[in-house]
Each structure stands twice: as C-alpha cells, then as structure tokens.
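Only one structure is covered here, and it is reproduced in the block below.
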Amino acid sequence: MTEMLPRPAAKTLGGLLEERAKSHPGRPALTYREETLDFAEVRRRALDCAKALHAQGVRAGDKVGVLMGNRIEWVVSNFAIQYLGATLVAMNTWYTQRELAYVLEHADIKLLLAADSLLKYDYASMLDALQPFSVTCPKLRTVVMLGKRRCGGAVDYERFLASGAGVADEEILAIERRIDPEEPAYLLYTSGSTSHPKGVLLVHRHLVENMYDIGVRMHFTPDDVVFMPLSLFWGMGCMNFLIGPWAHGAHIVLQEHFDPLEALNLIQRYRCTVFPGTPNIVHAVFEHPEANRFDLSSVRKGTPIGSPPMTLKLLQTVMPLGIRCFGLTETHGFSNMHDASDPIDKRSRTEGRIMPGFQMCIVDPETGEALGPGKSGEIRLRGRIMKAYYKNPDATAAAFDEDGWFRTGDIGQIDDEGYLLFMGRYKEMLKTGGINVAPIEIEEVLLKHPAVQEAFVCGLPDPVRDQIVAAVIVLSSGMRVTEEELARHCREQLAAYKVPRRMRFATMDELPQTASRKVHRLRLQTLFQPEPTE
Numbered sequence: 018m019t020e021m022l023p024r025p026a027a028k029t030l031g032g033l034l035e036e037r038a039k040s041h042p043g044r045p046a047l048t049y050r051e052e053t054l055d056f057a058e059v060r061r062r063a064l065d066c067a068k069a070l071h072a073q074g075v076r077a078g079d080k081v082g083v084l085m086g087n088r089i090e091w092v093v094s095n096f097a098i099q100y101l102g103a104t105l106v107a108m109n110t111w112y113t114q115r116e117l118a119y120v121l122e123h124a125d126i127k128l129l130l131a132a133d134s135l136l137k138y139d140y141a142s143m144l145d146a147l148q149p150f151s152v153t154c155p156k157l158r159t160v161v162m163l164g165k166r167r168c169g170g171a172v173d174y175e176r177f178l179a180s181g182a183g184v185a186d187e188e189i190l191a192i193e194r195r196i197d198p199e200e201p202a203y204l205l206y207t208s209g210s211t212s213h214p215k216g217v218l219l220v221h222r223h224l225v226e227n228m229y230d231i232g233v234r235m236h237f238t239p240d241d242v243v244f245m246p247l248s249l250f251w252g253m254g255c256m257n258f259l260i261g262p263w264a265h266g267a268h269i270v271l272q273e274h275f276d277p278l279e280a281l282n283l284i285q286r287y288r289c290t291v292f293p294g295t296p297n298i299v300h301a302v303f304e305h306p307e308a309n310r311f312d313l314s315s316v317r318k319g320t321p322i323g324s325p326p327m328t329l330k331l332l333q334t335v336m337p338l339g340i341r342c343f344g345l346t347e348t349h350g351f352s353n354m355h356d357a358s359d360p361i362d363k364r365s366r367t368e369g370r371i372m373p374g375f376q377m378c379i380v381d382p383e384t385g386e387a388l389g390p391g392k393s394g395e396i397r398l399r400g401r402i403m404k405a406y407y408k409n410p411d412a413t414a415a416a417f418d419e420d421g422w423f424r425t426g427d428i429g430q431i432d433d434e435g436y437l438l439f440m441g442r443y444k445e446m447l448k449t450g451g452i453n454v455a456p457i458e459i460e461e462v463l464l465k466h467p468a469v470q471e472a473f474v475c476g477l478p479d480p481v482r483d484q485i486v487a488a489v490i491v492l493s494s495g496m497r498v499t500e501e502e503l504a505r506h507c508r509e510q511l512a513a514y515k516v517p518r519r520m521r522f523a524t525m526d527e528l529p530q531t532a533s534r535k536v537h538r539l540r541l542q543t544l545f546q547p548e549p550t551e
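Its first residue numbered 18, the sequence shown is counted upward by one per residue in the numbering used here.
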C-alpha cells in the first residue's frame with residue numbers, strides 16, 4: 018500500500034501543481050469521459066491556458082470567471098488563473114440570466130471562460146441577452162466559449178489558446194513564484210438565503226494547508242481514485258475534493274453533471290475508492306434500482322453526510338472509512354471532520370473534531386457567554402477564515418465578534434471527547450410556547466420510523482404559541498404511513514411540545530432548494546397551505 022505524501026512545500030495553488038508535476042509526473046491526475054491526463058499533462062495545459070490569459074491582458078488580482086460543467090477545461094482554467102495570481106470566480110451552472118448578470122457585474126469579472134450550454138441552461142443566449150457588456154458588466158473585456166455556439170463577440174477556445182503562443186513558459190512561472198500566499202485564489206459566491214449571494218475571498222495558503230489536512234483525516238494516498246459528481250463551482254468540489262486529493266497525488270474522475278446510472282458505471286470502470294457526495298447524490302447512487310448490477314466494492318472512503326441512520330447504514334455497507342464533516346465556504350472547506358479511523362458510532366452521528374489551524378467555541382448566541390461540553394449554542398471559529406466578503410465591508414465586520422471569532426450562524430454542541438454535534442442553523446431554530454426546539458432532534462426521531470426516508474422540520478406561524486412544529490416527510494420507496502401513526506411514534510420519544518402538529522408528505526423533487534441544491538429549510542413553510550378558518 019502506498020504511503021501518504023508529506024505536506025507540500027508549496028503555499029500557492031500554482032505551486033502545488035508544479036510540485037505534483039515534478040514528484041508524480043506520470044501518475045494519472047484527471048479523467049473526463051475517455052481522456053486521462055497525468056500531472057505533467059495537466060501542468061502543460063494549465064501553462065498554455067495561462068499564457069493565453071496573459072496575452073488577453075489578465076494580470077495579478079484580476080477576476081476570471083469560469084462557467085461550465087465538470088470537465089478538464091474547468092480544472093485547467095482554474096490552475097492557469099492561479100499561475101497568474103488572478104482570482105478564480107467559480108460560477109454556478111444553475112444560474113438564471115438575472116443571477117449570472119449579478120455575479121458578472123459584482124465580481125468585476127475581466128474575462129469569462131464559458132461553455133455554450135449545459136443541460137437546459139443556454140449560456141450563449143443568456144450572454145447575448147446581456148449585451149452590451151459595457152452597460153451590464155463594465156469590467157468584462159473578453160468572453161471565451163467552448164462548444165459549437167458563441168455569444169456575440171466571443172472568442173473560440175482553440176483560438177484563445179493560440180493567442181498565447183508568443184508568451185514564454187518562464188514568464189508565467191516567474192509570475193507564479195512572486196505570488197503572495199495571503200492573496201485571494203478563489204472568489205466563491207455563497208448560495209445562502211439572502212436576495213443576493215455574498216462573494217467569499219479565499220487565500221492560497223489556507224487552501225493548500227487545509228486541503229492537505231483534510232486528506233490526512235481521510236487517509237488519502239496517490240493510490241486513491243476520487244469520483245467527482247459534485248459541481249466544481251461548489252466549495253466542496255473546487256476545494257475539498259479537487260485540491261485535497263491533488264495535495265496527496267490522487268486521481269480524480271470527473272462527471273460533467275450528476276447522473277446516477279453514469280455514476281455507477283464510472284465507479285465500476287475506474288475502481289473509484291473515494292465518493293464525496295451530498296445525501297441526495299449518495300442515496301441516488303447506492304439506492305438506484307440497478308445498483309446491484311455494478312461492482313462498487315472499491316469504494317472505501319467518502320462523505321456520507323446525511324441523517325445519522327442513513328450515515329450508519331452507508332458506513333456499515335458500502336463506505337467503511339467514510340466520515341462526516343462540518344464547514345462553510347468561509348472556512349476554506351471543512352473546519353471539523355473525523356479521522357477515517359474514528360469509531361463508527363462517532364462517524365455516524367457527529368461532525369468530527371476541529372481541524373488543525375482552527376479554534377472552536379460554543380457560545381450563547383444572545384449573550385455571547387461561552388458554553389461547556391454538552392451545552393447547545395452557536396458554533397464560532399477562528400483560524401483559517403476567509404479574507405473578506407468581496408466589496409461588502411459591513412457584512413465582513415458583522416461576521417466576526419469583538420474577539421475575532423467568526424459567527425457561523427450554526428447551532429451545535431461539543432461532547433466530552435471534542436466531537437461536534439451539529440444541530441441546525443440558528444435561524445432554523447423554532448420557538449413554540451416560548452421554548453426553543455432544535456429541528457434536528459425531531460428529524461432524528463422521525464427517521465427512526467421504517468417508512469421514513471427523509472424528514473425536514475420547520476416552524477409555522479401560530480397566534481397562540483408563536484410557532485408550531487411542522488414536518489415534511491419523504492417516504493421510503495413502497496412504504497405507507499399516516500400522520501397519526503407518525504405522531505404516535507414521536508409522542509413515544511419526544512416531549513409533547515416537540516411533536517409535529519402538522520405534516521406534509523412530499524417527494525425530494527418537491528422540496529425547495531438553494532442554488533447549491535441543498536434543501537432550503539427557510540422555505541419549507543411554502544409547502545403548507547394555510548389552515549382553514551372556522
């Protein structure tokens with residue numbers, strides 16, 4: 018078995034690729050469809066792309082947008098941007114035209130690399146509708162497009178690459194060596210729940226260091242093959258499971274957009290050992306009606322993040338070294354996670370211990386008083402935190418308390434062994450009859466019922482109690498249960514005020530979602546019709 022690689026000497030993302038191309042030049046690095054590149058080939062393509070960007074006027078500090086699915090050009094463009102000391106703006110492929118226009122303008126994007134389309138999203142037409150860019154996106158100078166169609170004025174990707182032929186490799190490498198590791202590498206826009214997403218500036222040093230430490234906890238080695246169904250524009254994609262594996266010399270297999278049957282084929286074909294995924298992705302693959310036709314025995318590691326019962330089932334059946342984790346875009350990836358060797362009881366129901374480079378405390382969100390083990394409060398962090406919210410000094414200042422702790426807005430508690438138990442967003446906490454209620458506690462009870470696949474608890478306005486507890490239930494395939502049966506199940510395990518007074522059965526497709534395809538808990542109320550009046 019190959020041993021884990023030592024910590025990289027590099028402190029920048031471009032430096033990390035240089036290091037891997039020297040230490041493991043012929044090792045498989047990246048697969049997309051029928052093409053596999055080794056680290057030396059990725060470096061060559063990234064340098065060629067960087068030369069083209071430089072020829073187009075991109076300089077240190079400039080913002081370069083990337084709008085495409087998971088493909089080799091996304092990864093190559095990212096590292097090309099890093100070689101120049103520019104900042105990657107990873108753009109959500111699910112954006113509407115309005116959202117695309119907002120990020121192009123707010124991020125001050127100078128050059129955009131975009132596919133012409135992906136699934137139902139027609140980026141060429143969206144960009145045409147935003148013309149003239151001098152009015153809608155005044156900083157945008159160049160659009161480079163992949164595919165058969167282009168918006169007005171766009172440059173073909175191959176022609177773009179050819180424009181860098183007169184730039185020497187050494188000119189690019191000299192720029193890379195001058196990059197300050199404390200400068201931004203990524204500008205990622207959080208989906209959040211506000212009217213406009215916030216842009217989060219993330220720096221080279223923290224990305225390289227935290228991603229290596231994440232790989233240590235997950236026991237990554239150069240022998241690992243990471244299946245990548247997560248969108249690269251999402252922090253979990255472009256941080257934890259792009260930089261993390263490459264910090265350890267692992268091979269990444271890209272899926273352009275998630276499809277469960279194709280995922281099964283890719284995992285079997287490439288003998289993938291690592292499967293990072295959100296609950297909906299993991300469930301769609303391992304519970305697929307044709308899953309039994311495929312050999313998935315190579316999968317050992319991953320992130321079966323979901324309800325504790327679902328996590329435990331996956332750890333016991335398909336992902337023995339899987340881990341749970343906690344983190345935000347603002348924390349350069351995971352701030353808490355398990356070691357893959359932690360006891361299965363801890364890995365199934367907690368979010369792990371604090372990562373190197375971080376400090377954590379739990380405080381009363383109203384008084385700021387520090388709370389001890391077993392007490393629930395807001396999770397606050399210090400250490401590898403974002404540089405700032407881009408062009409939003411007020412939000413940046415509000416994100417930190419007077420002692421420099423970052424306010425996560427999440428509720429949790431720490432047990433006697435230092436493991437974090439995540440309990441939900443502070444804004445999602447319910448208050449019924451003056452008593453605080455954590456949705457996760459009720460959800461865990463509902464999930465113990467054999468008919469329930471997923472459960473999501475929210476509060477509904479009530480003139481007497483302020484809020485009443487409501488639950489949205491997704492049933493397991495082929496199962497049936499009544500509201501009264503579920504209420505009785507809850508009454509056996511919960512205080513009366515925690516038992517849902519209203520329930521709604523739904524499918525996963527009916528649930529409101531954020532831009533990153535998580536369940537939008539603050540909009541669950543919209544699934545409930547008002548109670549009829551007398």
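Cβ atoms here follow ideal geometry from the backbone N, Cα and C, with glycine treated the same way.
Looking only at its chain, what residues have a beta carbon closer than 6 Å to the beta carbon of GLY232, apart from the 5 residues adjacent to it on each side?
Within the same chain, GLY232 has close Cβ partners GLY261, ALA264 and HIS265.
Selected residue, minimal CA-CA separation from LYS579, among ILE379, ARG50, ALA107 and ALA523
Past the edges of the chain, shown from 18 to 551, lies residue 579, and the structure says nothing about it.
In whole angstroms, give me the CA-to-CA distance for GLY170 and LEU329.
C-alpha separation (whole angstroms): 53 Å.
Compare the Cα-Cα distances from HIS506 to each of LEU464, ALA415 and PRO382 and report the closest residue.
Per the Cα distances, LEU464.
According to DSSP, is LYS444 helix, strand or coil?
In the structure shown, the three-state DSSP call for LYS444 is helix.
Give the DSSP bridge partners of PRO214, in chain order.
Beta-bridge pairing links PRO214 to no other residue.
Going by CA-CA distance only, name the one from THR19, LYS535, GLN546 and PHE375 that's closest to LEU247.
Among THR19, LYS535, GLN546 and PHE375, the Cα nearest to that of LEU247 is on LYS535.
Closer than 7 Å by C-beta to LEU332: which residues in its own chain qualify, once you throw out the five before and the five after it? Chain order, please.
Taken in chain order, the residues that qualify are PRO321, GLY339, ILE361, ARG364 and SER365.
Going by beta carbon distance, what residues of the same chain come within less than 7 Å of ARG37, once the five residues before and after it are set aside?
Answer for ARG37: PHE56, TRP263 and GLY266, listed in chain order.
Nearest to ILE379 by CA position, among THR425, LEU47, ALA416 and ARG341, is which residue?
Looking only at THR425, LEU47, ALA416 and ARG341, the smallest Cα-Cα distance to ILE379 is reached by THR425.
Contiguous alpha helix (DSSP H) assignments of at least 4 residues, all confined to the stretch 331–417
Entirely contained in the stretch 331–417, the alpha helix (DSSP H) runs reaching 4 residues are, in chain order, 361–366 and 410–415.
Would a C-beta distance cut-off of 8 Å place ALA141 and ARG166 closer than the cut-off?
It is a contact, given that the beta carbons lie within the stated cut-off.
8 Å Cβ cutoff met for HIS71 and VAL184
Closer than 8 Å, so yes.
Does the stretch 76–89 touch the stretch 120–138, meaning 3 or more C-beta pairs lie closer than 8 Å?
Yes, the stretch 120–138 touches the stretch 76–89.
How many angstroms separate the CA atom of TRP91 from the CA atom of ILE298?
Their backbone Cα atoms lie some 21 Å apart in a straight line.
Enumerate in chain order the residues of its own chain whose CB-to-CB distance from THR346 is below 7 Å, with the five nearest sequence positions on each side excluded.
Contacts found: LEU205, THR207, VAL217 and GLY252.
For the beta strand (DSSP E) that GLY476 lies in, which residues bound it at each end?
It spans 469–479 - the beta strand (DSSP E) in which GLY476 sits, taken as one unbroken run.
Of the listed residues GLY164, MET440, ARG88 and GLU58, nearest to GLU460 (C-alpha basis):
Taking GLU460 as reference, the option from GLY164, MET440, ARG88 and GLU58 with the minimal CA-CA separation is MET440.
Work out the CA separation of LYS68 and TYR174 for me, nearest whole Å.
If you take the alpha carbons of TYR174 and LYS68, they lie about 13 Å apart.
Presumed contact (8 Å Cβ cut-off) between VAL270 and LEU283, rounded CB distance:
Between LEU283 and VAL270 the Cβ distance is about 6 Å, and since that is below 8 Å, they are a contact.
Using a threshold of 8 Å, state whether the C-beta atoms of GLN285 and GLU279 are closer than that.
It is not a contact, given that the beta carbons lie outside the stated cut-off.
Within this structure, are the beta carbons of PHE545 and LEU447 separated by less than 8 Å?
For the 8 Å CB-CB criterion, PHE545 and LEU447 do not form a contact.
THR19 to GLU52 span [Cα, whole Å]
THR19 and GLU52: Cα-Cα distance of roughly 25 Å.
Run through DSSP, which three-state label would THR14 get?
Outside the displayed span of the chain (18 to 551) sits residue 14, for which this structure offers no information.
May I ask you to verify whether the stretch 487–496 touches the stretch 515–525, counting CB pairs closer than 8 Å and requiring at least 3?
Here the stretch 487–496 makes contact with the stretch 515–525; the two share three or more CB pairs at distances below 8 Å.
Helix, strand or coil for GLN272, going by three-state DSSP, please let me know.
Here GLN272 sits in coil by DSSP.
Pick helix, strand or coil for ASP241, following the three-state DSSP scheme.
ASP241 falls in the coil class under three-state DSSP.
Along the chain, where does the beta strand (DSSP E) containing VAL225 start, and where does it finish?
Premise fails: VAL225 lies in the alpha helix (DSSP H), 221–234, not in any beta strand (DSSP E).
Is MET520 helix, strand or coil by DSSP?
Residue state for MET520 is assigned as strand, using DSSP reduced to three classes.
I'd like the list of long-range same chain contacts for GLU122, defined as Cβ closer than 6 Å, with 5 residues on each side in sequence excluded.
Closer than 6 Å at Cβ, skipping near neighbours: CYS154.
Quick one: what does DSSP say LEU34 is sitting in, helix, strand or coil?
Helix.
Length at least 4, wholly inside the stretch 99–124: the alpha helix (DSSP H) runs in chain order
Correct list: 114–123.
Alpha-carbon to alpha-carbon, GLU445 and ALA455
Cα-Cα distance, rounded: 8 Å.
CA nearest to the CA of HIS41, picked from ASP139, THR238 and MET162
Here the closest residue by C-alpha is THR238.
DSSP state of MET162, grouped into three classes?
Strand, per DSSP.
Coil, strand or helix - GLU52 by DSSP
The three-state secondary structure of GLU52, taken from DSSP, is strand.
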